[in-house]
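First up is the structure itself, then whatever we jot down about it.
Numbering (the working numbering), first residue to last: 14 to 346.
The following block contains the structure:
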C-alpha cells in the first residue's frame, strides 16, 4: 500500500532535479516463510540548504531551518543533492559529467552549530545543495520490542533473521524472547542491538520462518532527492531503493552504472525480489541472443520491463571490476 502526495513518471532523470518532492507512507509486506529484500523508501528530512565552505570532511552550511537542529543525539546523515554548475555552463553542468559528491551520503559524526562533519568519499563544492535526514535503526524500523511482529525465539535457529550488509559481509540479527530484545545471531547472549543503525544507502534482507505470521513494516516521510551513489567493493551489497514509485530495468538508467558483458559471468548481477522469489538479472552487451537486460539462465528473452518496485531493495553482486554504482531518481520535470 502506498499513499503519495504528488505524482511522478517512470523515467529516470540522472541530470535533472525534480520540481516537487513526494511524501507519504508505505507498507511493505513481510510474508512468512520467504525472504524479503527490504528497502527504506522514505526518510525524515530535518534540514536542507547549501554548502558554504569545505575543510576536509567539515562543512559549514546555510540551512533551513536557519539553526541546524541537533543531528548528533540520534543518528543522521548528509546527502549532496546537486552537482557543480547545476544551473548552466561547464563540464559539470547537467549535460556533462562530474566526479564531485553529487548523490553521495555519509553519516554525520560531529556538529558545532552550522558546521557538520561527514566523511563523504568525495568532497562537495561550495554552493552544492544538501539534505540532512534521520537514519533508521533496528528498533525504529521494527520496534525495540518487535512491534513489527517478526518471529522471535530463544535462539536464532528458529527465529526470523534480519541481515544488514557492509563491505560485502552480512550480519544477522534476531529478536530474542529470552532477553526480550534484538540480539546478534553471532552473540545471542550479548548486548541489545535495537540501536544498531541501518547505514546510509543500505537496506535489509529479512528471512522469515515458515511458522511465523504474515506481517509488514510501515515507513513514512519524504522521498530522497537526487540519485543515490555508492562505492562498490567485490562481492554482494544490499542497496537501498529510496524512491517511492516503480520503474523498470530499462527505464531506470541503471544501464549507465552497471558493467554489462556478453555472458553473465562477465557482468554485474542485480538480484530483485518479488513475492519472496529472488531473481538475478544482468545486461547483455551483444553476441548470440542480442543485447539488453536478461534473467540469469536465459540469454535471449528481453527482461527490460522487469519492475524495480518501491519498498524493495537491490542485492548487487560486483563481478566485472565495477568500483561505483548509481541509482538515478525516477522523477522528471
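Built from N, CA and C at the ideal position, the CB exists for glycine as well.
Look at the Cβ atom of residue i, then the Cβ atom of residue j, and state whether they are nearer than 7 Å.
| i | j | result |
| --- | --- | --- |
| residue 281 | residue 333 | yes |
| residue 211 | residue 327 | no |
| residue 275 | residue 299 | yes |
| residue 75 | residue 231 | no |
| residue 144 | residue 61 | yes |
| residue 174 | residue 155 | no |
| residue 166 | residue 135 | no |
| residue 94 | residue 238 | yes |
| residue 151 | residue 207 | yes |
| residue 63 | residue 140 | yes |
| residue 43 | residue 218 | no |
| residue 427 | residue 250 | The chain is shown only over 14 to 346; residue 427 falls outside these bounds and no answer can be derived. |
Going by C-alpha distance, which of the options is nearest residue i?
| i | options | result |
| --- | --- | --- |
| residue 233 | 323, 330, 191 and 188 | 323 |
| residue 56 | 236, 211, 169 and 189 | 236 |
| residue 347 | 197, 325, 83 and 188 | The chain is shown from 14 up to 346; residue 347 falls before or after that span and cannot be answered. |
| residue 181 | 243, 207, 127 and 224 | 243 |
| residue 213 | 43, 148 and 132 | 148 |
| residue 115 | 121, 133, 207 and 279 | 133 |
| residue 285 | 268, 254 and 304 | 254 |
| residue 71 | 49, 37 and 119 | 119 |
| residue 128 | 170, 68, 150 and 153 | 68 |
| residue 59 | 44, 301, 45 and 91 | 91 |
| residue 262 | 303, 318, 219 and 302 | 318 |
| residue 4 | 47, 153, 50 and 142 | Any question about residue 4 goes unanswered here, given that the chain covers just 14 to 346. |
So who's on the other strand from residue i, going by DSSP bridges?
| i | result |
| --- | --- |
| residue 60 | 145 |
| residue 182 | 179 |
| residue 290 | 287 |
| residue 163 | DSSP output for residue 163 lists no bridge partner at all. |
| residue 121 | 131 |
| residue 311 | 308 |
| residue 225 | Bridge partners of residue 225: none, in fact. |
| residue 328 | 251 and 284 |
| residue 71 | 68 and 130 |
| residue 188 | 195 |
If I measure Cβ to Cβ from residue i and keep anything under 8 Å in the same chain, skipping five residues before and after, which residues do I get?
| i | result |
| --- | --- |
| residue 307 | 277, 294, 295, 296, 297, 313, 314, 315 and 316 |
| residue 245 | 329, 331, 335, 336, 337 and 338 |
| residue 229 | 40, 41, 42, 43 and 161 |
Give me, in chain order, the residues of the same chain whose beta-carbon lies closer than 6 Å to that of residue i; leave out the 5 immediate sequence neighbours on both sides.
| i | result |
| --- | --- |
| residue 100 | With a pLDDT of only 47 at residue 100, under the threshold of 50, the placement of this residue in the model should not be trusted; the figure read from the coordinates follows. Closer than 6 Å at the Cβ level, and outside the excluded window around residue 100, lies no residue. |
| residue 290 | none |
| residue 123 | 130 |
Only counting the same chain, and skipping five residues up and downstream in sequence, which positions put a Cβ closer than 7 Å to that of residue i?
| i | result |
| --- | --- |
| residue 102 | In this prediction, residue 102 scores a pLDDT of 48, lower than 50, which makes its location untrustworthy; no coordinate-derived value is stated. |
| residue 18 | Note that residue 18 scores a pLDDT of 35, beneath 50, so its modelled location is shaky and nothing firm can be said. |
| residue 15 | Only weak support is given to the placement of residue 15: the predicted model assigns it a pLDDT of 37, under 50, and the value that follows is read from those uncertain coordinates. Once the five neighbours on either side are set aside, the close Cβ partners of residue 15 are 37, 39, 257 and 323. |
At least three beta-carbon pairs within less than 8 Å, the stretch 150-165 to the stretch 216-230
They touch, by the three-pair rule.
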